[in-house]
Amino acid sequence: MGTQGPGKRPRATERRGGGEVIQCAQAGRMELLGAVLLAASLLGTTAWGAQAPWPDEPSHTCFFQTLGSPDSEFCRGDLEVIYPQLGDVGCSYIPQCHQYRWRISREWGSPRVRYPRADKSKKYVLVLVDPDAPSRADPKNRFWRHWLLADVRGTDLRTGDLKGRVLTDYVRPTPPPRSGYHRYQLRLYEQPAGQHIALSPEELLSLGAWAMESFVERFRLGSPVASTQFLTKHHED
Numbered sequence: 001m002g003t004q005g006p007g008k009r010p011r012a013t014e015r016r017g018g019g020e021v022i023q024c025a026q027a028g029r030m031e032l033l034g035a036v037l038l039a040a041s042l043l044g045t046t047a048w049g050a051q052a053p054w055p056d057e058p059s060h061t062c063f064f065q066t067l068g069s070p071d072s073e074f075c076r077g078d079l080e081v082i083y084p085q086l087g088d089v090g091c092s093y094i095p096q097c098h099q100y101r102w103r104i105s106r107e108w109g110s111p112r113v114r115y116p117r118a119d120k121s122k123k124y125v126l127v128l129v130d131p132d133a134p135s136r137a138d139p140k141n142r143f144w145r146h147w148l149l150a151d152v153r154g155t156d157l158r159t160g161d162l163k164g165r166v167l168t169d170y171v172r173p174t175p176p177p178r179s180g181y182h183r184y185q186l187r188l189y190e191q192p193a194g195q196h197i198a199l200s201p202e203e204l205l206s207l208g209a210w211a212m213e214s215f216v217e218r219f220r221l222g223s224p225v226a227s228t229q230f231l232t233k234h235h236e237d
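When the letters of the sequence shown are read in order and numbered with UniProt numbering, they come out as residues 1 to 237.
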């Protein structure tokens, strides 16, 4: 998150660091931007070349905003989390424009996760959690488990085509209304050789209030080799 890996999708859109305000600028605000979008609309494309998902929407472009400190400090090791149309959302806010927050919560499935530095001879454990359940101000259900994979091969991590053993099926990010931004954190651990990773019967009963640190300690996973996060909030907020 934050560092562009070798396979990160290039963008023509602007990304701004710091703060929590995401804006979708109307094309008419700037003559040059309007000309670019007019040309794109004639070709049936958005400003960065993807097919426009909502052709009846007024023409506009998104400003993608990167995380500021301290949230950006969580992003280490070039771990990429790739959603359709957005590309790598690591160390970023999910913008409201083009209904992206709605789509990540209601439509899109699990992202591609890519780690170019993965050791081809090793296996990894991938964790996706929300530490802000039900809100960042009152995280009484920390950590909410959204995805858990074990036995992820390094060769698959290099391509982003994960075929690990699913311990928790992917659960879309669904921040409650009026709960503010939630952090969705991905941690990648090197799996000790010969270690069989599994959730306990008690852990299988609930996704919320998961003792992630105890899980990591139980299987001697150590510190993550890479981590990243993105922030989003309820699509109607």
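Think of the CB as a built atom: it goes at the ideal place given N, C-alpha and C, for glycine as much as any other residue.
Looking at residue j and residue i, is the spacing between their C-beta atoms short of 9 angstroms?
| i | j | result |
| --- | --- | --- |
| L199 | V125 | no |
| D119 | G154 | yes |
| W102 | H235 | yes |
| I94 | D88 | no |
| D132 | P175 | yes |
| T228 | C97 | no |
| A226 | R117 | yes |
| L128 | L148 | yes |
Mind checking residue i: buried by the 16 CB within 10 Å criterion, or exposed?
| i | result |
| --- | --- |
| E80 | buried |
| A150 | buried |
| P173 | buried |
| D156 | buried |
| H196 | exposed |
Distance, Cα to Cα, residue i vs residue j?
| i | j | result |
| --- | --- | --- |
| G68 | A209 | 27 angstroms |
| S214 | T232 | 27 angstroms |
| L37 | Q99 | Below a pLDDT of 50, predicted positions are generally treated as unreliable, and L37, at 39, falls in that range; the measurement from the model is reported next regardless. For L37 and Q99, the distance between alpha carbons rounds to 18 angstroms. |
| S223 | D237 | 35 angstroms |
| Q65 | F230 | 10 angstroms |
| E73 | I104 | 24 angstroms |
| Y181 | S135 | 8 angstroms |
| P177 | R142 | 18 angstroms |
Fill in: Ordered list of beta strand (DSSP E) runs contained in the region 58-138, each at least 3 residues
Within the region 58-138, the complete beta strand (DSSP E) runs of at least 3 residues are 60-66, 80-83, 112-114, 123-130.
Discussion item. Can you confirm whether the region 212-227 touches the region 160-169 when touching is taken to mean that 3 or more C-beta pairs between the two stretches lie within less than 8 angstroms?
Written reply: Of all C-beta pairs linking the region 160-169 to the region 212-227, fewer than three are shorter than 8 angstroms, placing the two stretches out of contact.
Worksheet entry | Start-end ranges of the alpha helix (DSSP H) lying completely within the region 188-234, minimum 4 residues | For the region 188-234, whole alpha helix (DSSP H) runs of length 4 or above, ordered along the chain, are 212-218.
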